[in-house]
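Chains as they are written, first to last, in the numbering used here: chain A, 1 to 217; chain B, 1001 to 1239. Even for Gly, the Cβ is constructed at its ideal location relative to N, Cα and C. This one's a predicted model, so the numbers in the text were calculated from it and none came from an experiment.
Okay, structure coming up:
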């Protein structure tokens, strides 16, 4: 039984403007949940709160392992990860970018090389392993970000518009990787997208966000 | 009558012959300035990082003081260090006055605000998404800070080079606290001042040429680092 996530009456406001209001939801473990809604309605904020990058003003994010609530700390944060919309590529090689999360977890060099090598093959960046990551195109950077997240084998993976602002070819590659991940790993994926067709292709469950509240799609 | 051309001729002969006195002065200058810079980086970089990454109380005031320190007149630093290290001063017991240690101390005070301020600026200008990326990849607070600092490395290197440029060209403070003692505390800048006073231009010009060469090297390094930072090229770290 993997990690499961529940939201309990999450509310968040910025500068007096309410973005999220009493959002409660249970994300079924092992499924891909797609969050949709108009721009500026709090999709990314909700994702950041779920990924423990931001705290809600009210309510709780509950992570459960074996049906027992888990304390929010580094140990839990290392079981989940978020692909940021802007990726945040480090100014070093492609290999080092992908290896980052493994290195800070203190894994052995040999294991790091094996895992990074395999994931770079999967995202089609193996030939760019030694290349400076900042020289990648936007689409390749997104693939790099996805590889950097996936190499950690997270139990919950958050994807904030993983195919936004990239070309069709890169978009298709990313979708294929997400589908492969769904089939192989059974990690819980929670993603934000604007594309209804993509939501249908990738999602098992659809959620809509409107007027600060969550609705089943 | 002594001409400038004669002076340059003799100076080049001294340099080509690797005159032992000349080499000794250059070596001491590099040791003093190098040690001052290492100290300034060792203390200035963590302080700059702390000010950039943490919301410390009085942060604005501390930054204003540091930025003011960047323009400190060397003679004022010399006076201050002299008073601190003089026999009746609070650090008189260290017996550092008129030693290379006093010169390192004075140059450290000159380089420290530059290194701190430029490190702070470099770190504060790192895109916030880098810190968030480190967080979502599971970095603890120390690893997160080190990641941001590593991203600011070119700006930090620029600060170090600027600090080195400041201290190697400095004369006022080191002459006051070092005393310009031959073979012991005589460095390039103080020798130039002294030999010019004595009318011994050969050594002064030779040292002037070397100092200019050093400044040129520092400047070239400064520009190269800035270019690397802008283009995102340069050494790939932590392979």
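Measure the alpha-carbon distance for residue i versus residue j and round it to whole angstroms.
i: residue 1109 of chain B; j: residue 1077 of chain B; result: 7 Å
i: residue 1023 of chain B; j: residue 106 of chain A; result: 48 Å
i: residue 171 of chain A; j: residue 177 of chain A; result: 10 Å
i: residue 78 of chain A; j: residue 1214 of chain B; result: 49 Å
i: residue 212 of chain A; j: residue 31 of chain A; result: 23 Å
i: residue 1007 of chain B; j: residue 1170 of chain B; result: 23 Å
i: residue 1237 of chain B; j: residue 54 of chain A; result: Unreliable placement is indicated for residue 1237 of chain B, whose pLDDT of 43 sits below 50; the coordinate value is still reported in the next sentence. Going from the Cα of residue 1237 of chain B to the Cα of residue 54 of chain A covers about 30 Å.
i: residue 1205 of chain B; j: residue 1192 of chain B; result: 7 Å
i: residue 17 of chain A; j: residue 45 of chain A; result: 13 Å
i: residue 208 of chain A; j: residue 140 of chain A; result: 29 Å
i: residue 73 of chain A; j: residue 1141 of chain B; result: 12 Å
i: residue 80 of chain A; j: residue 154 of chain A; result: 5 Å
i: residue 43 of chain A; j: residue 1031 of chain B; result: 58 Å
i: residue 1199 of chain B; j: residue 1011 of chain B; result: 14 Å
i: residue 130 of chain A; j: residue 1132 of chain B; result: 24 Å
i: residue 1004 of chain B; j: residue 1039 of chain B; result: 39 Å
i: residue 1126 of chain B; j: residue 1229 of chain B; result: 12 Å
i: residue 1234 of chain B; j: residue 1034 of chain B; result: Confidence at residue 1234 of chain B is low in this model, with a pLDDT of 42, below 50, so the placement of that residue is unreliable and no value is reported for it.
i: residue 1163 of chain B; j: residue 168 of chain A; result: 49 Å
i: residue 198 of chain A; j: residue 184 of chain A; result: 20 Å
i: residue 194 of chain A; j: residue 101 of chain A; result: 29 Å
i: residue 108 of chain A; j: residue 75 of chain A; result: 19 Å
i: residue 1207 of chain B; j: residue 1079 of chain B; result: 26 Å
i: residue 203 of chain A; j: residue 182 of chain A; result: 10 Å
i: residue 1046 of chain B; j: residue 1036 of chain B; result: 16 Å
i: residue 117 of chain A; j: residue 1150 of chain B; result: 24 Å
Given a cut-off of 8 Å on the beta-carbon distance, is the pair residue i and residue j in contact?
i: residue 1097 of chain B; j: residue 1177 of chain B; result: yes
i: residue 1111 of chain B; j: residue 1166 of chain B; result: yes
i: residue 82 of chain A; j: residue 47 of chain A; result: yes
i: residue 5 of chain A; j: residue 50 of chain A; result: yes
i: residue 1148 of chain B; j: residue 84 of chain A; result: no
i: residue 1194 of chain B; j: residue 1155 of chain B; result: no
i: residue 120 of chain A; j: residue 147 of chain A; result: yes
i: residue 65 of chain A; j: residue 29 of chain A; result: no
i: residue 40 of chain A; j: residue 210 of chain A; result: no
i: residue 1243 of chain B; j: residue 1028 of chain B; result: Residue 1243 of chain B falls outside the range modelled here, since chain B spans only 1001 to 1239, and no answer is possible.
i: residue 115 of chain A; j: residue 156 of chain A; result: no
i: residue 1138 of chain B; j: residue 190 of chain A; result: no
i: residue 1172 of chain B; j: residue 1123 of chain B; result: no
i: residue 1145 of chain B; j: residue 1053 of chain B; result: yes
i: residue 163 of chain A; j: residue 174 of chain A; result: yes
i: residue 1185 of chain B; j: residue 1100 of chain B; result: yes
i: residue 1051 of chain B; j: residue 1063 of chain B; result: yes
i: residue 1121 of chain B; j: residue 1226 of chain B; result: no
Beta-carbon within less than 8 Å of residue i's beta-carbon, same chain only, minus the 5 sequence neighbours each way: which residues are those?
i: residue 144 of chain A; result: 87, 89, 94, 97, 98, 123, 125, 133 and 136
i: residue 1070 of chain B; result: 1113, 1114 and 1117
i: residue 9 of chain A; result: 22, 23, 24, 58, 59 and 60
i: residue 1067 of chain B; result: 1113 and 1117
i: residue 1239 of chain B; result: Note that residue 1239 of chain B has pLDDT 43, beneath the 50 cutoff, so the model's placement of it is unreliable and the number below is only indicative. Contacts found: none.
i: residue 1190 of chain B; result: 1171, 1174, 1175, 1178 and 1180
i: residue 165 of chain A; result: 138
Short of 6 Å in beta carbon distance, which residues of its chain neighbour residue i, apart from the five on each side in sequence? Order them along the chain.
i: residue 1105 of chain B; result: 1081
i: residue 128 of chain A; result: 94
i: residue 159 of chain A; result: 83 and 191
Could you tell me which chain B residues have their CB closer than 7 Å to the CB of residue i, listed as they occur along the chain?
i: residue 166 of chain A; result: Per Cβ cutoff of 7 Å: no residues; residue 166 of chain A is ~17 Å from chain B at best.
i: residue 77 of chain A; result: 1138
i: residue 86 of chain A; result: 1129
Mind listing the chain A neighbours of residue i? Cutoff is C-beta to C-beta under 8 Å, in chain order.
i: residue 1137 of chain B; result: 81, 100, 101, 104, 148, 149 and 152
i: residue 1140 of chain B; result: 74 and 104
i: residue 1049 of chain B; result: Correct list: empty, because the minimum Cβ distance to chain A is about 17 Å.
i: residue 1143 of chain B; result: 104
For residue i, go through chain B and note every residue whose CB falls closer than 8 Å to its CB, in chain order.
i: residue 27 of chain A; result: Chain B residues near residue 27 of chain A: none, gap ~18 Å exceeds 8 Å.
Identify, in the order they occur along the chain, each residue of the same chain with its Cβ nearer than 7 Å to the Cβ of residue i, setting aside the five sequence neighbours on each side.
i: residue 1041 of chain B; result: 1115 and 1160
i: residue 92 of chain A; result: 133
i: residue 1026 of chain B; result: 1188 and 1210
i: residue 1092 of chain B; result: 1085 and 1086
i: residue 1089 of chain B; result: 1083
i: residue 1102 of chain B; result: 1081, 1085, 1096, 1177 and 1178
i: residue 1258 of chain B; result: Nothing about residue 1258 of chain B can be reported from this structure: the residues present for chain B run from 1001 to 1239 only.
Using 8 Å as the limit for Cβ to Cβ distance, is residue i near chain C?
i: residue 1122 of chain B; result: Annotation note: the requested chain C is absent from the structure, which comprises protein chains A and B.
Which residues in chain A have a C-beta closer than 9 Å to the C-beta of residue i? List them in chain order.
i: residue 1107 of chain B; result: Here the premise fails: no neighbours, minimum Cβ distance about 31 Å.
i: residue 1224 of chain B; result: Correct list: empty, because the minimum Cβ distance to chain A is about 16 Å.
Who are the neighbours of residue i on chain A, taking C-beta pairs under 7 Å?
i: residue 1006 of chain B; result: Result: empty, since nearest Cβ-Cβ is about 52 Å, beyond 7 Å.
Answer yes or no: the CB of residue i versus the heavy atoms of the ligand ZN, is any distance below 7 Å?
i: residue 1051 of chain B; result: The model on display carries no ligand, and the ligand ZN is accordingly not part of it.
Exercise for the section: For the stretch 45 to 57 of chain A, enumerate the residues whose C-beta is nearer than 9 Å to any C-beta of chain B, in chain order. Expected result: 48, 51, 52 and 53
Practice task
Anything in the stretch 1051 to 1068 of chain B with a Cβ closer than 8 Å to a Cβ of chain A? List those residues in chain order, please.
Solution key: none
Handout entry: Residues of the stretch 1087 to 1114 of chain B with Cβ closer than 9 Å to any Cβ of chain A, in chain order
Key = none
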